[in-house]
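Participant:
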Amino acid sequence: MGMITDGLPGFLEPLPGGSAVLTKVDQLVNWSRSNSLWPLTFGTSCCAIEMMMASGAARHDISRFGAEVVRASPRQADLIIIAGTIVKRMAPRLRTLYEQMAEPRYVIATGSCTIAGGPFIYHSYTTIRGADEIIPVDVYVPGCPPRPEALFYGLLTLQKMIREGESLRHPGERRRPVLSALPEGMTIEDIQAEMRDLLVADANVKMSEELAEGAHWAQELKDF
Amino acid sequence: MQDSPPPGEDQAGEVGFAQALLAAAQAIEPATVLRDKSDRITLQVPAAAIAKICQWLRDDPALRFDLLYDHTAIDWPAENRFELVYLLAAVLDPQPRTRDLQVMVTTSVPRDNPVIDTVCGIWPIAEWQEREVYDMFGILYTNHPDLRRLFLEDDWEGFPLRKDYEDDFMLERPT
Ligand code: SF4
């Protein structure tokens, strides 16, 4: 993949109409990348519990957004969710893990600890005040800990960033990091509605057909 | 603690047990006292007697405290001492008991000379717990087989959980 995507812009761009084709290829590549973010198994303290709630527990299902293939090896992962306090001894390990991940790689920092040191910012002999002192962060998800919904919202934000902002013309270029704080007035229902719309848009199951056939699960999902 | 009996019923039994324990401990170390403000039975012993008392608590057939489930220290700079805390439980006891036993043993060492006997001959897990306390408070355990830092880097200077610890990395809270 890497060789093709690296060579493609140089090959397509000079051709007549190549630019338009490349834009289409971009869309395809970004769509597949944003829907197959494989996170690394990485969690250092309380926020990790919340991440497990999002990725492994019953109520919230991160696999609906293509991010459930939690990998134990950084070589197979392209997303690192920094969940939990980073201390001085962890910092070099975090850096190593990040560098071992294959490009393109993305970073979500969840919780105030990874954003700024959180409750341990003062009088701590060891807490790193912000994971972005160690590795570049794409999306910050504030909270102590953030609710699973907020983590989902951060993931949706990252997917949006990938779909809209990336191009094979500039591989590896980093966009400005974003703070994925829930906007004023945003409620859990809004996030759930956004997730539902996304699922319906991406679905390989046609809800309308299922509903017409009277599938009760489809009715329940619709009423949810 | 699960299944603890209703308070009224247990009170008498607990007090009786504490008095019996104190009497037995005083036979071994006369300076032992019961601590009054505590959420569980607590024996305060002089630092020199810690190994003797712990050995007895583990080996006495009526007690058999076979698990040292926590060991830590508290820094009291105003009183110039470190308080060492040993939390004991009896988990492998074959005799049925009316309540599960947990006992705390505390002792104090001077801040300027924090030396005490190790208990890792009694409970091997103490080897790790004492390493941690050494790492954070700088308590020196005599006869410990491997007293090295546990969590911090080997070249760390100072003991960060002491109240007077400071280094360049720390931020003061702006007032
Ligand atoms: S932000 Fe809060 S919940 Fe998250 S790791 Fe820090 S202290 Fe724990």
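From first to last, the protein sequence lines stand for chains D and G.
Per numbering that gives the first Met the number 0, the first sequence starts with residue 0, numbered consecutively.
Per numbering that gives the first Met the number 0, the second sequence starts with residue 0, numbered consecutively.
Each residue gets a CB set at the ideal place from its N, CA and C atoms; glycine is no exception.
Does the Cβ of Val32 of chain G have 16 or more other Cβ atoms within 10 Å, making it buried, or fewer, making it exposed?
Facilitator: Classification of Val32 of chain G: exposed, given that the 10 Å Cβ count is below 16.
Participant: Going straight from the alpha carbon of Glu129 of chain G to that of Ala22 of chain G, what length do you get?
Facilitator: If you take the alpha carbons of Glu129 of chain G and Ala22 of chain G, they lie about 28 Å apart.
Participant: On the CB-based measure, 16 or more other CB atoms within 10 Å of its CB, does Phe10 of chain D come out buried or exposed?
Facilitator: Looking at its Cβ environment, which holds fewer than 16 other Cβ atoms inside 10 Å, Phe10 of chain D is exposed.
Participant: CB Ile85 of chain D to CB Ile127 of chain D, shorter than 8 Å?
Facilitator: Yes, Cβ-Cβ distance for Ile85 of chain D and Ile127 of chain D is below 8 Å.
Participant: With three or more C-beta pairs closer than 8 Å as the rule, is the stretch 30-46 of chain G touching the stretch 69-77 of chain G?
Facilitator: They do not touch, by the three-pair rule.
Participant: Excluding the 5 residues flanking Leu198 of chain D on each side, which residues of the same chain have their C-beta closer than 8 Å to its C-beta?
Facilitator: Hits under 8 Å: Arg63.
Participant: With respect to the alpha helix (DSSP H) encompassing Pro147 of chain D, which residues constitute its N-terminal and C-terminal limits?
Facilitator: Taken as a continuous stretch (DSSP letters only), the alpha helix (DSSP H) holding Pro147 of chain D covers Pro147 to Gly164.
Participant: Report the neighbours of Phe168 of chain G on chain D: residues whose CB is nearer than 7 Å to its CB, in chain order.
Facilitator: The answer, in chain order, is Tyr124.
Participant: Alpha carbon to alpha carbon, how far is Ala53 of chain D from Glu148 of chain D? Give it in angstroms, no decimals.
Facilitator: Rounded to whole angstroms, Glu148 of chain D to Ala53 of chain D spans 8 Å at the Cα level.
Participant: Can you check DSSP and say which residues form a bridge with Arg80 of chain G?
Facilitator: DSSP, once it has assigned bridges, lists G:Trp75 and G:Pro109 as partnering Arg80 of chain G.
Participant: Please report whether the beta-carbon of Arg88 of chain D lies at a distance below 8 Å from any beta-carbon of chain G.
Facilitator: So yes, Arg88 of chain D belongs to the interface.
Participant: Give me the Cα-Cα distance between Lys23 of chain D and Pro103 of chain D, rounded to the nearest whole angstrom.
Facilitator: Approximately 19 Å, taken between the alpha carbons.
Participant: Which residues in chain C have a C-beta closer than 9 Å to the C-beta of Ile187 of chain D? List them in chain order.
Facilitator: Here chain C cannot be found, since the structure's protein chains are D and G.
Participant: Is any non-hydrogen atom of ligand 1 found closer than 7 Å to the C-beta of Pro147 of chain D, if you look at the structure I gave you?
Facilitator: No - ligand 1 has no heavy atom lying nearer than 7 Å to the Cβ of Pro147 of chain D.
Participant: Does the distance from the CB of Tyr133 of chain G to the CB of Val104 of chain G come in under 8 Å?
Facilitator: Contact: no.
Participant: Considering Ala217 of chain D, what are the terminal residues of the alpha helix (DSSP H) in which it resides?
Facilitator: That run of the alpha helix (DSSP H) goes His215 to Asp222.
Participant: Have a look at Cys34 of chain D and Tyr97 of chain D and give me their C-alpha separation to the nearest angstrom.
Facilitator: Just to set this straight, residue 34 of chain D is Asn in the shown sequence, not Cys. Spanning the two alpha carbons is a distance of roughly 20 Å.
Participant: Give me, in chain order, the residues of the same chain whose beta-carbon lies closer than 6 Å to that of Arg195 of chain D; leave out the 5 immediate sequence neighbours on both sides.
Facilitator: Excluding sequence neighbours, Arg195 of chain D sits near nothing in its chain.
Participant: What residues are listed by DSSP as bridge partners for Val149 of chain G?
Facilitator: Inspection of the sequence shows that residue 149 of chain G is occupied by Leu rather than by Val. Answer is none; Leu149 of chain G lacks a bridge partner.
Participant: I'd like to know if Pro76 of chain G contacts chain D, where contact means its C-beta is closer than 8 Å to some C-beta of that chain.
Facilitator: So, not an interface residue.
Participant: Taking only the alpha-carbon atoms, compute the straight-line gap between Gly213 of chain D and Lys205 of chain D and give it to the nearest angstrom.
Facilitator: So the two alpha carbons sit approximately 13 Å from each other.
Participant: Consult DSSP for Ala108 of chain D and reduce its assignment to one of helix, strand or coil.
Facilitator: Looking at Ala108 of chain D - three-state DSSP - the assignment turns out to be strand.
Participant: For Tyr164 of chain G, return the contacting residues in chain D, with the cut-off set at a CB-CB distance below 8 Å.
Facilitator: Here the neighbours are Tyr124.
Participant: Cβ of Ile120 of chain D within 8 Å of Cβ of Leu170 of chain G?
Facilitator: A contact, by the Cβ cut-off of 8 Å.
Participant: Got a sec? Which residues, its chain only, sit under 6 Å from Ile81 of chain D by beta carbon, not counting five neighbours each side?
Facilitator: Here the set comprises Ala108, Thr113 and Ala130.
Participant: Kindly indicate which three-state DSSP category Pro123 of chain G falls into: helix, strand or coil?
Facilitator: The answer is coil: DSSP assigns Pro123 of chain G none of H, G, I, E or B.
Participant: Between Asp5 of chain D and the rest of its own chain, which residues show a CB-CB distance below 6 Å, the 5 nearest in sequence each way excluded?
Facilitator: The answer is none, since no qualifying residue turns up.
Participant: Mind listing the chain G neighbours of Ile120 of chain D? Cutoff is C-beta to C-beta under 9 Å, in chain order.
Facilitator: Neighbours of Ile120 of chain D on chain G, chain order: Leu170 and Arg172.
Participant: Run through chain D and tell me which residues come within less than 7 Å of Pro159 of chain G, C-beta to C-beta.
Facilitator: Result: Tyr124.
Participant: Can you list, in chain order, the residues of its chain with a C-beta nearer than 7 Å to that of Leu220 of chain D? Leave out the 5 residues immediately preceding and following it.
Facilitator: Same-chain partners within the cutoff: there are none.
Participant: Can you find a C-beta in chain D that's less than 8 Å from the C-beta of Glu131 of chain G?
Facilitator: So no, Glu131 of chain G is outside the interface.
Participant: Any beta carbon from chain D within less than 8 Å of Glu156 of chain G's own beta carbon?
Facilitator: Chain D contact via Cβ: absent.
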